[in-house]
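Protein chains: 2
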Amino acid sequence: MTTSSQALLRCYDCGCTYDHGDRTRCSCGEPLWFDLDVSGFEWPAETNQETGRDPATAGSWRYDAVLPVSAPDTTTLPPGSTPLVRAGALDSFADCGLYLKPEGQNPTGSFKDRGTAVGVAHALDTGADWIGTVSHGNMALSTSAYAAAAGLECAVFVPADIPSERLDLLARHDPHVFRVEGDYGRLYEETLALNTDGDAGVTFVNSDTPLRVAGQKTIAYELLEQFRLGSSNVPSSPNMPSSSAVPDAIVLPVSSGGQASGVWKALRELTRSGALADDDIPRLYFVQAAPCDPIATAFREGREEVTPIDADETIAVSIANSDPPSGTRALTAARDTDGAVVSVSDEATREAMDRLATDAGLAVEPSSAVALAGVRKLSDRGEIAADESVVTILTGSGYKESVETEPRCRDIDLADLEHELASVVES
Amino acid sequence: MTTSSQALLRCYDCGCTYDHGDRTRCSCGEPLWFDLDVSGFEWPAETNQETGRDPATAGSWRYDAVLPVSAPDTTTLPPGSTPLVRAGALDSFADCGLYLKPEGQNPTGSFKDRGTAVGVAHALDTGADWIGTVSHGNMALSTSAYAAAAGLECAVFVPADIPSERLDLLARHDPHVFRVEGDYGRLYEETLALNTDGDAGVTFVNSDTPLRVAGQKTIAYELLEQFRLGSSNVPSSPNMPSSSAVPDAIVLPVSSGGQASGVWKALRELTRSGALADDDIPRLYFVQAAPCDPIATAFREGREEVTPIDADETIAVSIANSDPPSGTRALTAARDTDGAVVSVSDEATREAMDRLATDAGLAVEPSSAVALAGVRKLSDRGEIAADESVVTILTGSGYKESVETEPRCRDIDLADLEHELASVVES
């Protein structure tokens with residue numbers, strides 16, 4: 001395997017290559033990603049069995065053949081191995097054959113653990129003592145926890161007005177928190193400029209950095225392998241709406257564009273290696289919250305580039321990025337796979353979040369629910385057909401955020417137990 | 001497979017048997033559990049591969065050969081398949097070779113999902129429209145979510161003074177919540193008395209009911225299989241302190257005694273089937289919070305039975321049960337396996353919780369941290385030796401509860417980014 005310090009970075013757009021560590025942006029301005037030789041890739045199922053690994057715990061590292069770093073010798077936080085589940089009860093809501101990938105079951109409750117794990121492994125490889133990130137949500141928590149587990153110091157840059165609830169979550173893992181007064185988009189780019197690995201001693205794994213995108217792409221490898229095994233349910237997959245070994249579409253929320261880039265990268269690698277046929281490539285759909293939808297706006301307007309917008313507030317705070325650093329790359333991914341980028345109202349997001357919790361038992365954060373709201377919108381528009389299989393990535397658990405709800409409550413006395421229960425059951 | 005409606009229940013103590021559904025307590029007063037024929041049990045690893053199942057998502061149902069119900073045809077909430085991880089960074093704190101089983105990575109963030117899944121499967125099998133439970137914490141949340149996913153109505157009985165934060169968590173899955181004024185221990189038993197399955201139409205899966213205990217025992221099957229595969233880490237298991245295929249001890253928190261009973265049941269079944277040698281049986285250690293430790297008290301005093309105590313408040317709210325319905329069974333399990341029941345101070349629990357978050361990256365609830373505090377205490381006492389392998393079950397995620405912390409925060413201006421970071425990194 002090529003290690004990250006030897007690996008090349010390539011620009012998806014103009015094709016220029018650079019050594020990893022030299023820069024994170026191409027001279028053309030677009031973000032870089034790792035350029036690895038994936039020609040020999042094969043699905044690892046049997047191999048892992050032969051070597052005696054427990055697949056249930058191998059997680060993202062199951063795909064280490066296509067990662068720029070080796071798995072660490074040991075970890076308390078194996079990322080990935082989240083289930084892929086068939087959500088038939090939501091088929092009529094989504095108007096398609098719906099599969100869900102609940103990434104909230106990662107160690108710190110979100111998809112970010114996959115990228116963090118790769119960033120931490122690289123930091124350990126290169127002897128860096130510090131890891132850093134710019135985030136006030138899932139990525140900050142993930143980075144803090146993985147740094148703690150790896151014995152690294154962690155620098156987390158958050159906006160000056162971060163709610164105390166979010167700080168409390170982070171603080172358990174004891175990172176160094178920097179509350180920064182100033183433009184958050186500039187902060188993101190300025191930390192990347194400091195990202196000289198061994199030199200300053202801090203490895204920044206911001207959301208669209210090559211290390212993080214490499215880790216995030218394992219979501220796509222994993223869901224495609226699970227789908228392919230025809231085993232996405234427990235214990236079998238009844239009502240599989242499609243006889244194909246590949247879903248017709250993959251739908252996910254988009255913010256910085258890092259995760260969207262990772263999924264696209266996986267599809268490109270799989271077709272290049274021959275593990276995925278060209279006419280089997282799932283369409284990629286990315287979803288934003290309408291109050292803050294720069295990528296969807298560019299898609300709608302047929303533009304070639306994503307430009308910053310003046311955004312409004314949305315309940316989908318984790319994906320409210322008005323100036324997405326990999327926005328244009330995400331836009332390109334959607335077009336390249338015959339997909340789209342759409343945005344949904346907060347009202348539609350609330351409805352999707354509620355349906356996930358009450359019909360599928362899955363409590364997700366609003367930023368994850370946008371993806372299901374997006375599926376519904378795409379079905380309404382005829383872009384997704386009723387007989388198609390659609391995998392929706394639920395990026396994060398809803399249990400980390402407090403949500404005010406209106407519980408169905410009745411106050412009773414113990415003496416009236418049987419009567420009170422019967423009156424509800426029979427009604 | 002014997003189905004739950006045909007299955008026998010047996011009393012672990014006097015050996016009496018009953019049909020399932022007739023009662024939940026033996027005439028001698030002790031709790032019942034399923035009496036299944038496990039003589040043909042074999043570790044299912046290869047079998048599952050052959051049938052094309054994805055082991056990463058099969059979860060608890062991987063062990064359906066020893067469960068009283070079949071896996072449902074489909075589910076969005078596959079329980080189990082949580083990793084078993086080696087936590088070398090905590091070896092010196094624990095003074096042994098420490099393994100952790102973070103059950104917070106179950107779909108609703110706790111170990112309870114395993115038992116809930118079995119209860120829900122039984123309800124579906126018997127045509128019950130309702131499932132119920134008595135809980136204000138993890139079990140209530142788990143039951144609400146699984147009921148929602150299975151299309152069942154759910155009745156949750158909580159104390160009248162339940163904090164609104166907990167109600168909000170439940171309410172997302174829209175159960176029928178009954179806030180009950182009256183003694184909580186009596187409420188527990190009175191709901192069991194209503195538990196006539198098909199008749200009243202409500203299947204109660206309280207914490208020590210036979211269905212739940214059956215599901216909970218899969219934790220032990222799973223961790224023993226993972227340990228046996230020598231694959232408890234990613235990707236391999238360096239520094240495995242023991243060459244044995246079985247851990248020397250399993251340590252877990254105890255409250256009602258339901259989970260403790262499940263782990264003991266698994267060990268009994270495994271030895272009966274020949275999958276575990278008699279002299280390989282891990283010692284079982286159960287840990288309570290000192291302010292509320294009826295089982296530890298009975299153990300300490302050498303008594304045969306656990307009796308209710310007047311308890312004080314503890315931070316380990318999820319395990320604060322002063323009148324544990326399966327307390328005597330847990331006590332028996334500890335003695336039978338040459339283990340013990342101990343209690344730890346809230347201060348020791350806080351320290352263990354902090355070490356888990358800062359040295360292993362695992363945020364757990366106080367009720368889980370008591371188990372690690374217990375390991376430390378047992379090592380101090382010489383009951384666990386430094387060269388022994390100990391699996392500690394971390395029952396629930398810490399992300400569902402708000403915790404006040406004191407973050408290491410500094411407020412900076414974007415213009416001072418590089419300088420401020422350097423001053424911290426270099427200090």
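Quick mapping for you: the protein sequence lines, in order, are chains Z and Y.
Under UniProt numbering, the first residue of the first sequence carries the number 1, and numbering increases by one thereafter.
Under UniProt numbering, the first residue of the second sequence carries the number 1, and numbering increases by one thereafter.
Backbone N, C-alpha and C fix where the C-beta goes; we use that ideal spot for every residue, glycine too.
Since we're looking at a predicted model, the values are computed, not measured.
With the cut-off set at 8 angstroms, would you say residue i and residue j are in Cβ contact?
i: residue 210 of chain Z; j: residue 9 of chain Z; result: yes
i: residue 421 of chain Y; j: residue 394 of chain Y; result: no
i: residue 398 of chain Y; j: residue 370 of chain Y; result: no
i: residue 374 of chain Y; j: residue 111 of chain Y; result: no
i: residue 150 of chain Z; j: residue 170 of chain Z; result: no
i: residue 390 of chain Y; j: residue 94 of chain Y; result: yes
i: residue 257 of chain Z; j: residue 367 of chain Z; result: no
i: residue 315 of chain Y; j: residue 255 of chain Y; result: no
i: residue 173 of chain Y; j: residue 145 of chain Y; result: yes
i: residue 148 of chain Z; j: residue 202 of chain Z; result: no
i: residue 404 of chain Z; j: residue 41 of chain Z; result: no
i: residue 77 of chain Z; j: residue 355 of chain Z; result: no
i: residue 100 of chain Y; j: residue 360 of chain Y; result: yes
i: residue 195 of chain Z; j: residue 17 of chain Z; result: no
Pick out whichever of the options has its Cα sitting closest to the Cα of residue i.
i: residue 304 of chain Z; options: Z/323, Z/330, Z/287; result: Z/330
i: residue 121 of chain Y; options: Y/165, Y/90, Y/73, Y/83; result: Y/73
i: residue 138 of chain Z; options: Z/22, Z/352, Z/146, Z/108; result: Z/108
i: residue 417 of chain Y; options: Z/354, Z/189, Z/153; result: Z/189
i: residue 163 of chain Y; options: Y/401, Y/415, Y/424, Y/411; result: Y/401
i: residue 207 of chain Z; options: Z/343, Z/13, Z/251, Z/142; result: Z/142
i: residue 324 of chain Z; options: Z/379, Z/281, Z/184; result: Z/184
i: residue 33 of chain Z; options: Z/42, Z/21, Z/40; result: Z/21
i: residue 383 of chain Y; options: Y/356, Y/313, Y/283; result: Y/283
i: residue 433 of chain Y; options: Y/214, Y/274, Y/280; result: This structure gives no information on residue 433 of chain Y, because the portion of chain Y shown stretches from 1 to 427.
i: residue 168 of chain Y; options: Z/425, Z/220, Z/409, Z/414; result: Z/409
i: residue 280 of chain Y; options: Y/288, Y/287, Y/271, Y/127; result: Y/271
For a test of the three-state rule: what should DSSP assign to residue i, helix, strand or coil?
i: residue 43 of chain Z; result: coil
i: residue 20 of chain Y; result: coil
i: residue 111 of chain Y; result: coil
i: residue 340 of chain Z; result: strand
i: residue 51 of chain Z; result: With a pLDDT of 37 at residue 51 of chain Z, under the threshold of 50, the modelled position of that residue is not reliable, and no figure is offered here.
i: residue 88 of chain Y; result: helix
i: residue 212 of chain Z; result: helix
i: residue 144 of chain Y; result: helix
i: residue 188 of chain Z; result: helix
i: residue 250 of chain Z; result: strand
i: residue 136 of chain Y; result: coil
i: residue 13 of chain Y; result: coil
In chain Y, what lies closer than 8 angstroms to residue i by C-beta?
i: residue 406 of chain Z; result: 171
i: residue 182 of chain Z; result: 413, 414, 415
i: residue 201 of chain Z; result: 425
i: residue 165 of chain Z; result: 402
i: residue 428 of chain Z; result: Outside the shown range of chain Z (1 to 427) lies residue 428 of chain Z, about which nothing can therefore be said.
i: residue 186 of chain Z; result: 414
Starting from the beta carbon of residue i, find every residue of chain Y whose beta carbon is closer than 9 angstroms, and list them in chain order.
i: residue 178 of chain Z; result: 409, 410, 411, 412, 417, 420, 421, 424
Find the residues of chain Z that neighbour residue i, judging by a C-beta separation of less than 7 angstroms, and give them in chain order.
i: residue 168 of chain Y; result: 402, 403, 404, 405
i: residue 42 of chain Y; result: Neighbours of residue 42 of chain Y on chain Z: none; closest Cβ ~17 angstroms, over 7 angstroms.
Closer than 7 angstroms by beta-carbon distance: list the chain Y residues that pair up with residue i, in chain order.
i: residue 105 of chain Z; result: 105, 107
i: residue 89 of chain Z; result: 151
i: residue 365 of chain Z; result: The premise fails here: residue 365 of chain Z is roughly 11 angstroms from chain Y at the closest Cβ pair, so nothing lies under 7 angstroms.
i: residue 174 of chain Z; result: 358, 408
Name the chain Z residues that come within less than 9 angstroms of residue i, Cβ to Cβ?
i: residue 86 of chain Y; result: 74, 75, 76
i: residue 190 of chain Y; result: 414, 417, 418
i: residue 9 of chain Y; result: Chain Z residues near residue 9 of chain Y: none, gap ~23 angstroms exceeds 9 angstroms.
Starting from residue i, find everything on chain Z with Cβ-Cβ shorter than 8 angstroms and list it in chain order.
i: residue 194 of chain Y; result: 417, 418, 421
i: residue 100 of chain Y; result: 76
> Looking at chain Y, which residues of the segment 258-269 of chain Z have a Cβ within less than 9 angstroms of any of its Cβ atoms?
Replying inline: none
>> Tell me which residues of the segment 340-360 of chain Z have at least one Cβ-Cβ distance to chain Y shorter than 7 angstroms, keeping chain order.
In response: 357, 358, 359, 360
> Relative to chain Y, which residues along the segment 372-406 of chain Z have a C-beta separation below 8 angstroms, given in chain order?
Replying inline: 397, 398, 399, 400, 402, 403, 404, 405, 406
> Relative to chain Z, which residues along the segment 124-157 of chain Y have a C-beta separation below 7 angstroms, given in chain order?
Replying inline: 130, 145, 146, 148, 149, 151, 155
> Using Cβ-Cβ distances below 8 angstroms, what residues of the segment 277-301 of chain Z are close to chain Y?
Replying inline: If you check each beta-carbon in the segment 277-301 of chain Z against every beta-carbon of chain Y, none falls closer than 8 angstroms.
> According to a CB-to-CB cut-off of less than 8 angstroms, which residues of the segment 306-321 of chain Y neighbour chain Z?
Replying inline: none
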